[in-house]
Amino acid sequence: MFLACAGTLVLNCMGKLINNIMTAVFFELSGVLPTEQALSLLKDAVKKTYKNKGDAIVNQNIKAVEAAIEALRTVQYDAAKWAAIDCDRESFYAKERDSEPPTYVTDVLDKVQTMRGHELKVSEVEVDGCVPLSQTRFAKRGVAESVPVVDMDKCIQCNVCSAICPHAVIRPFLLSNMELQKAPSSFDARKATGGNTYAGLHFRIQASPNDCTGCEVCTNACPVGALSMMPRLDTLEKGHGANWDYAMSVPNRGQRFDANTLKGSQFQEPLLEFSGACEGCGETPYAKLVTQMFGKRLIVANATGCSSIWGGTAGWVPYATDKETGKGAAWGNSLFEDNAEYGLGQVIHVRQRRRQLRDRVEAALARAGKAMSIALRSLLEQWLEFGEDGSISERLSDELQPLLEEEKGKAKEIAEIVRLKDLFTKPSMWMFGGDGWANDIGYGGIDHAIASGNNVKIVVLDTEVYSNTGGQSSKSTPMGAVAKFAQAGRDQRKKDLGAMAMAYQHVYVASVAIGANYKQTVEAFAEAEKYDGPALLLCYAPCIEHRFFKTGLSAMSLDQKDAVECGYWPLYRFNPRLARDGNNPFILDSKKVTGDVMKFLNRQNRYAQLVRSSPAVAEKLQGELQVYLKQRHSALREKAAADLSKEAASLKDGLKEAKSAAEQVLITFGSDTGVTEHVAKKFAGLCADRGVHVRRVCDLDELSDIEELKAACAGAICVVMCSTCGHGDFPQNAGLFWSSLSAQNLASKELSGLRFCVFGMGDRSYADSFCEAAKKIEDRMRELGAERLLDMGIGDDRDEDKWETGFQKWLPKLWLTLKASEPQDDGRPKEPLFEVKYHEMAALQTSPLVPPGSQLLRVAENRRLTPSGYERDIRHVALSLEGADFPFDLGDAVAIYPENLAKEALAFLDLDGDRVISVKCSEHVSERHRRAFERRVTVRQVLTTLGGTK
Numbered sequence: 001m002f003l004a005c006a007g008t009l010v011l012n013c014m015g016k017l018i019n020n021i022m023t024a025v026f027f028e029l030s031g032v033l034p035t036e037q038a039l040s041l042l043k044d045a046v047k048k049t050y051k052n053k054g055d056a057i058v059n060q061n062i063k064a065v066e067a068a069i070e071a072l073r074t075v076q077y078d079a080a081k082w083a084a085i086d087c088d089r090e091s092f093y094a095k096e097r098d099s100e101p102p103t104y105v106t107d108v109l110d111k112v113q114t115m116r117g118h119e120l121k122v123s124e125v126e127v128d129g130c131v132p133l134s135q136t137r138f139a140k141r142g143v144a145e146s147v148p149v150v151d152m153d154k155c156i157q158c159n160v161c162s163a164i165c166p167h168a169v170i171r172p173f174l175l176s177n178m179e180l181q182k183a184p185s186s187f188d189a190r191k192a193t194g195g196n197t198y199a200g201l202h203f204r205i206q207a208s209p210n211d212c213t214g215c216e217v218c219t220n221a222c223p224v225g226a227l228s229m230m231p232r233l234d235t236l237e238k239g240h241g242a243n244w245d246y247a248m249s250v251p252n253r254g255q256r257f258d259a260n261t262l263k264g265s266q267f268q269e270p271l272l273e274f275s276g277a278c279e280g281c282g283e284t285p286y287a288k289l290v291t292q293m294f295g296k297r298l299i300v301a302n303a304t305g306c307s308s309i310w311g312g313t314a315g316w317v318p319y320a321t322d323k324e325t326g327k328g329a330a331w332g333n334s335l336f337e338d339n340a341e342y343g344l345g346q347v348i349h350v351r352q353r354r355r356q357l358r359d360r361v362e363a364a365l366a367r368a369g370k371a372m373s374i375a376l377r378s379l380l381e382q383w384l385e386f387g388e389d390g391s392i393s394e395r396l397s398d399e400l401q402p403l404l405e406e407e408k409g410k411a412k413e414i415a416e417i418v419r420l421k422d423l424f425t426k427p428s429m430w431m432f433g434g435d436g437w438a439n440d441i442g443y444g445g446i447d448h449a450i451a452s453g454n455n456v457k458i459v460v461l462d463t464e465v466y467s468n469t470g471g472q473s474s475k476s477t478p479m480g481a482v483a484k485f486a487q488a489g490r491d492q493r494k495k496d497l498g499a500m501a502m503a504y505q506h507v508y509v510a511s512v513a514i515g516a517n518y519k520q521t522v523e524a525f526a527e528a529e530k531y532d533g534p535a536l537l538l539c540y541a542p543c544i545e546h547r548f549f550k551t552g553l554s555a556m557s558l559d560q561k562d563a564v565e566c567g568y569w570p571l572y573r574f575n576p577r578l579a580r581d582g583n584n585p586f587i588l589d590s591k592k593v594t595g596d597v598m599k600f601l602n603r604q605n606r607y608a609q610l611v612r613s614s615p616a617v618a619e620k621l622q623g624e625l626q627v628y629l630k631q632r633h634s635a636l637r638e639k640a641a642a643d644l645s646k647e648a649a650s651l652k653d654g655l656k657e658a659k660s661a662a663e664q665v666l667i668t669f670g671s672d673t674g675v676t677e678h679v680a681k682k683f684a685g686l687c688a689d690r691g692v693h694v695r696r697v698c699d700l701d702e703l704s705d706i707e708e709l710k711a712a713c714a715g716a717i718c719v720v721m722c723s724t725c726g727h728g729d730f731p732q733n734a735g736l737f738w739s740s741l742s743a744q745n746l747a748s749k750e751l752s753g754l755r756f757c758v759f760g761m762g763d764r765s766y767a768d769s770f771c772e773a774a775k776k777i778e779d780r781m782r783e784l785g786a787e788r789l790l791d792m793g794i795g796d797d798r799d800e801d802k803w804e805t806g807f808q809k810w811l812p813k814l815w816l817t818l819k820a821s822e823p824q825d826d827g828r829p830k831e832p833l834f835e836v837k838y839h840e841m842a843a844l845q846t847s848p849l850v851p852p853g854s855q856l857l858r859v860a861e862n863r864r865l866t867p868s869g870y871e872r873d874i875r876h877v878a879l880s881l882e883g884a885d886f887p888f889d890l891g892d893a894v895a896i897y898p899e900n901l902a903k904e905a906l907a908f909l910d911l912d913g914d915r916v917i918s919v920k921c922s923e924h925v926s927e928r929h930r931r932a933f934e935r936r937v938t939v940r941q942v943l944t945t946l947g948g949t950k
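This is the structure we're talking about:
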């Protein structure tokens, strides 16, 4: 027996690649050709094969071939004993699993994975080709050499690592104190931070050693370096396998959080896990995010390509169902060229069936309403009103199902509803596909689908080549890139699919890169799903076919960031709903270009090999590409700054010329989750009501040039609103601003004459860095000679109404500083905060209104401690936690929402408390009220439950 020390050769020469090493060993041992002749031919083949990849790659392979022969060692063994060993194949391939897998795994999938598929019987597989979901969690491939391990002392609980992970192997977990006490000793957790919603919970990031592929994407994406790679076997010895198994047994608490935010989305169970995609794949994070945001009501039409291969692998399908509800994605694949038509057909089919359901519900209420229970009738009436809202319809569906089963025998009309009960939940319907499908052979279908105006949602996973078939050029391949069928460099510009879709004016369009801007990506998916009409999302997905030097796909997220910063990939959103309100529908989210395009291109061999093979051609094509990218960015900036009409421009000019005693303001914000941006825009609206002219609302990075900052603030007051990320870090759209502001070469009076005030937002549980970013900005601007007009306002996520508590305290002082008048009455009716609709003769079985982030608990004891005649009523109140997820730590304070006295409130206002109403809220209403009115309520509930404060 001979042994080649391939491990050492791989590490020293070829990374993880061993093909040429083993070819050299084969010729040495087989004697097919004389070794000298064979190695000479092999080296010639290496030069021919890898010449386009550069001399360094060629020399590495030749060095590996030569070293392979030198590394051969003879191993002496007893051949007779070796041959006599009886190997139990099943024991050899047995997996270390924390629970007993389904029989489908042991009887079918394990055989497929261990090359025993020939043992399968036809009767053991489904005749229609359907396969069960949630099976990949039992694969436990254990393919990674090293896996990520977290340092909880460094972790800032941002959930970025989970969002960018291509295989859903690293996730955040939240545990109660009791659950933490039962955890393995190696399960290191920290008190969860982020506001009252996290109170009583403990946080940990944990990776699954036997499911990880070792791509290192998460370690490179972590903003604070809290993750490091450790040999997989070492992690298992240190208990990380047991940590994962225990974490997966803890109840998922995703329902506490807003799935339409980056951090909140990652607490939702991913329903795409442990796929067979390439390690570091740039496509899967987007599909995984969709399952976390909408997965329990998701229907996917998938074009043939990479996303159908890792998404629909024979047997080991990576899509999953929610552990608690059993709901999950319904996934289907037709062909490559007709996926848009296939997906459009699904949308029309579901819409028609839901119309039938609506007809049946209306008929049942009219003919059999008296036979129904109040609860069933109430829910059906509410479904008719709220059924087109996805999340509300899902909740109503859950409540309706058992009632329908109980009462279907009361009338045939109710039984007819049961036949269509799967349609009570409005599904979230998406199409997935690659750039080859979207730009080339499937473009006609996409154009037809979006032009139809139907509610289709299309995700284009743009790798800029036909990744699944070997890297052929598509119309998405940029100018100057080398790909199959474009070996001399593509000489045409990349097809601008987004611009073509925007030309229709009724299509929601977004261009995203998750690693460059997580917040913008989540916002785009949330807006697209909410938009009543067609939506197209273009997702930049780095691919192995880009052939990155040195890093491979381990720096996938950083490549996305670099692509955006140099202008190679723009970030924008085109939302037609904004145009209906008289606003510019186009929002450019990547406003500043700071990177070097050529440096970005030359890190990828698809561009660099053209420089080596045809320098003159490369200089021409890539130069033209650079010019085009600059022109495109300028055009996008103009599009984002453009007014919708001459009337709008005229109105703005009139406002500028209007004489007002109030100061003019420039509002600028630094926001990582979108909350601070919302506050800034809300403040701009309040300014308009008071006659305060707002010059501009922009993120801080737009003013990263100090001269531009001074010019923008000349004659105006700069209002800075900035949140803090983790332990004192700046938001993504404020980093450039701080770099410029903190530069040591600025003069001590650089900002002399600039007037400003700051509103900081944070979470006081970060005691060492509470509102640190805002404080740094304020201190530095004062150092540079700027005049602070007002003490910094503080928006604390731990306050009663979160940031609004501090904002409402700070706002009156700010109005005085700005010399703002009271809200102006121009004679026109103001937009109402609430639109109330009364439902006469409606049935309603009320349920308690529970504010967001709160829990409904039963009062077990309420005993007065002071004598009845004593002026103070002091009580001992005991709350029962039975059946409630209400974790808390010793010393935590509990806030209680009291109720007003119903009889007195109704008598004072002379209202009928039993009248049923539904309420539509404006965007300026608090989350507490919006959530309360996601169902019908009575007047009594509004005056008693919503009238109280903590």
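Note that full-length UniProt numbering gives residue 799 to position 799 of the sequence shown, counting from 1, and the numbers run on in steps of one.
All C-beta atoms, glycine included, are put in the ideal place defined by N, C-alpha and C.
Three or more pairs of CB atoms, one per stretch, sit closer than 8 Å, so the stretch 664–679 contacts the stretch 713–728. In the three-state reduction of the DSSP assignment, residue 580 falls in the helix class.
Around residue 608, the same chain offers 602 as residues with beta carbons nearer than 6 Å, after the five sequence neighbours per side are excluded. When the alpha-carbon of residue 151 is set against those of 431, 903, 753, 219, the nearest one is in 219. The Cβ atoms of residue 573 and residue 619 lie no closer than 8 Å to each other. Between residue 169 and residue 232 the beta-carbon gap is near 12 Å, outside 8 Å, which marks them as no contact.
Residues of the same chain with a CB within less than 6 Å of the CB of residue 142, apart from the 5 flanking positions on each side, are 210 in chain order. Beta-bridge partners of residue 271 (DSSP): none assigned.
In the three-state scheme derived from DSSP, where H, G and I count as helix and E and B as strand, residue 633 is classed as helix.
If you draw a 10 Å sphere on the C-beta of residue 717, you find 16 or more other C-beta atoms in it, and that means buried. Under the three-state reduction of DSSP, residue 594 is assigned to coil, being neither helix nor strand. Beyond the five residues adjoining it in sequence on each side, residue 912 comes within less than 8 Å, by CB distance, of 906, 939 in the same chain, given in chain order.
In the displayed model, residue 319 falls within a strand according to three-state DSSP.
For residue 565, same chain residues with a beta-carbon under 6 Å away, outside a window of 5 residues either side, are 594, 595 in chain order. A distance below 7 Å between beta-carbons, with the five flanking residues on each side excluded, links residue 788 to the following residues of its chain, in chain order: 756, 757, 778, 782. The C-beta distance from residue 877 to residue 900 rounds to 18 Å, too long to fall under 8 Å, and the pair is not in contact. For residue 57, the enclosing alpha helix (DSSP H) covers residues 55–70.
Taking the Cα of residue 798 as reference, the smallest distance to any Cα among 737, 893, 855, 82 is reached at 893. Rounded to whole angstroms, the Cβ separation of residue 843 and residue 374 is 5 Å, and the two are in contact under 8 Å. In this structure the stretch 183–203 does not lie against the stretch 486–497, because fewer than three pairs of beta carbons, one per stretch, are closer than 8 Å. Contact between residue 710 and residue 751 is confirmed by a C-beta separation of about 7 Å, below the 8 Å threshold. Taken in chain order, the unbroken stretches of alpha helix (DSSP H) that lie wholly in the stretch 484–518 and span 4 residues or more are 497–502.
For residue 382, the enclosing alpha helix (DSSP H) starts and ends at 374–386. Here residue 307 is near residue 287, since their CB atoms are less than 8 Å apart. Cβ atoms of residue 586 and residue 501 stay farther apart than 8 Å, at about 12 Å.
Assignment of residue 771 by DSSP, reduced to helix, strand and coil, places it in the coil class. DSSP places residue 135 outside both helix and strand once states are collapsed to three, so it counts as coil. Residue pairing by DSSP leaves residue 726 without any beta bridge partner. For the 8 Å CB-CB criterion, residue 305 and residue 331 do not form a contact.
With contacts defined as CB atoms closer than 8 Å, residue 818 and residue 665 qualify as a contacting pair.
For the stretch 389–441, the full-length alpha helix (DSSP H) segments reaching 4 residues or more read 390–407, 412–419 along the chain. In chain order, 299, 301, 429 place their CB closer than 7 Å to the CB of residue 346, counting only its own chain and leaving out the 5 sequence neighbours on each side. Distance from the Cα of residue 54 is smallest, within the candidate group 611, 860, 41, for 611. The beta-bridge partner set that DSSP reports for residue 296 is empty. Assignment of beta strand (DSSP E) within the stretch 535–568, counting only whole runs of 3 or more residues, yields 535–540 in chain order. Rounded to the nearest whole angstrom, the C-alpha separation of residue 590 and residue 317 is 36 Å.
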